[in-house]
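No gaps in the numbering here: position 50 of the sequence shown is 50 in full-length UniProt numbering, and each next residue is one more.
We put the beta carbon where it would ideally sit given N, CA and C, even for glycine.
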Amino acid sequence: MKTRKIPLRKDIVSGEMFPKQDLVRVVKNKEGEVFLDPTGKKNGRGAYIALDRKTAEAAKEKKVFERAFSQAIEPAFYDELYAYVDHQQARKELFANDDE
């Protein structure tokens, strides 16, 4: 079988390239709303961040999304981002143990 190409995206915080499945997309739509896009298919300007709590905290400290989207980001967005990242990491750990 032919090996499939793994799509890579750049983490907006660290600048490193990661497989798309290891990142979460954050979108700003035409109405100026900023939200998480777990499907990666919603319309709007997108930025990717690694599924890591420390990276998410660094994004808040450095105001990365404020600069990327040229607007203020509500603190509630970061609470949602932290919850999503924690949930995805827990899932990854849970299902990684099933493979063994």
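Quick check on the DSSP output: what are the complete alpha helix (DSSP H) runs of length 4 or more inside the UniProt domain "YlxR" (9 to 81), in order along the chain?
Restricting attention to alpha helix (DSSP H) runs no shorter than 4 residues, the UniProt domain "YlxR" (9 to 81) encloses them at 53 to 62, 64 to 69, ordered along the chain.
Go ahead and pull the three-state DSSP assignment for Lys5.
Here Lys5 sits in coil by DSSP.
For Arg67, collect the residues of the same chain with a Cβ closer than 8 Å to its Cβ; drop the 5 residues on either side in sequence, then sort them by chain order.
The beta carbon of Arg67 lies closer than 8 Å to none in the same chain, with the five residues before and after it left out.
Pop quiz: Leu8 and Ile49 are said to be a contact at Cβ under 8 Å. What is the actual Cβ separation, rounded to whole angstroms?
Rounded, the Cβ-Cβ distance is 14 Å, inconsistent with contact.
Do Val34 and Ile73 have their C-beta atoms closer together than 8 Å?
Using a Cβ distance threshold of 8 Å, Val34 and Ile73 count as a contacting pair.
Rounded to whole angstroms, what is the Cα-Cα separation between Lys60 and Lys2?
Each residue's Cα considered, the two are about 41 Å apart.
In chain order, what residues of the same chain have a beta carbon less than 6 Å from the beta carbon of Gln88, not counting five sequence neighbours either side?
Leu51
If we call anything under 8 Å between Cβ atoms a contact, is Ile12 one with Ala56?
no
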